[in-house]
Amino acid sequence: MIIAFEGGEGVGKTSHADSLCSFFSERSIPHIHLREPGGSLISEEIRSLFLKDRLDLITELLLVLASRRQNITRLIMPAIEGGKVVVIDRFFDSTLVYQGMVGGMGVETVRKMMELSDTLMRPDITIILDLDTAEALGRKGPEKNRFDHMGMEYHQEIRKGFLSLAPLPGHYIIDASRDQAVVNDDIVSVLEDCGVLSGL
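Per this note's numbering: the sequence shown = residues 191 to 390.
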């Protein structure tokens, strides 16, 4: 079981993924939590390169897929085979949106690159955290990466990209403008309603 948290910068993906993992821990549900790019030792090294400077778009995509491939082989598949839930901060949808839609490579080209690199793995559940772009960027802390410095129009297009994927199976939009506890409860309710928790 893979549960991915998606959305633009500052919507609270990491915080809500952490909260869900705490929920699982309280109920002794085995799980792992990772981020993308990042997760394994090598993937974290890739992340530092990915976030440093503006990259050629193909280089950017290849770095993301290299990190994902490392995670799939070293973390994700062993966890799934061991009966654990995998909670991921960014995954399949982020690649489609950032590199495919907004980056300009095209969704089908990105999908093809995933197929060729054996990284086309779709989550079972995708939680899209949605928030007004200006409010989301205002929530960001002092630590900035290169994406935080992109203009408002860029981030608005990112938001539109994620919302365009919402009709896909297994996708759920959560209003992230509310209190964190309320949003956390909504996320748990989604998992209950789709029968995920009953199978854990």
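For every residue, glycine included, the Cβ atom is placed at its ideal position computed from N, Cα and C.
Note that the C-beta distance between Thr204 and Arg225 is below 9 Å.
If only complete runs of 3 or more residues are kept, the region 312–370 shows the beta strand (DSSP E) at 315–320, 361–365, in order along the chain. The continuous alpha helix (DSSP H) containing Val297 extends over residues 297–306.
Excluding residues up to 5 positions away in sequence, Leu224, Glu226, Gly229, Ser230, Ser233 lie with their Cβ nearer than 8 Å to the Cβ of Asn261 in the same chain.
In the displayed model, Leu310 falls within coil according to three-state DSSP, outside both helix and strand. A distance of 9 Å or more separates the beta carbons of Ala356 and Ile315.
Approximately 7 Å separates the beta-carbon atoms of Asp322 and Ser367; this is inside 8 Å, confirming the contact. By the beta-carbon neighbour count (other beta carbons within 10 angstroms, threshold 16), Glu325 is exposed.
When secondary structure is reduced to three states using DSSP, Asp279 falls in the strand class. Note on geometry: alpha-carbon atoms of Arg258 and Phe281 lie some 8 Å from one another. Counting every other CB atom within 10 Å of its CB across the protein chains shown gives Ala207 a total of 16 or more, marking it as buried. Straight through space, the alpha carbons of Glu343 and Ile248 are spaced by roughly 22 Å.
According to the DSSP assignment, Arg237 belongs to no beta strand (DSSP E) but to the alpha helix (DSSP H) extending over 231–242. In the three-state scheme derived from DSSP, where H, G and I count as helix and E and B as strand, Arg225 is classed as strand.
Counted as a single uninterrupted DSSP element, the beta strand (DSSP E) harbouring Ile193 occupies residues 192–196.
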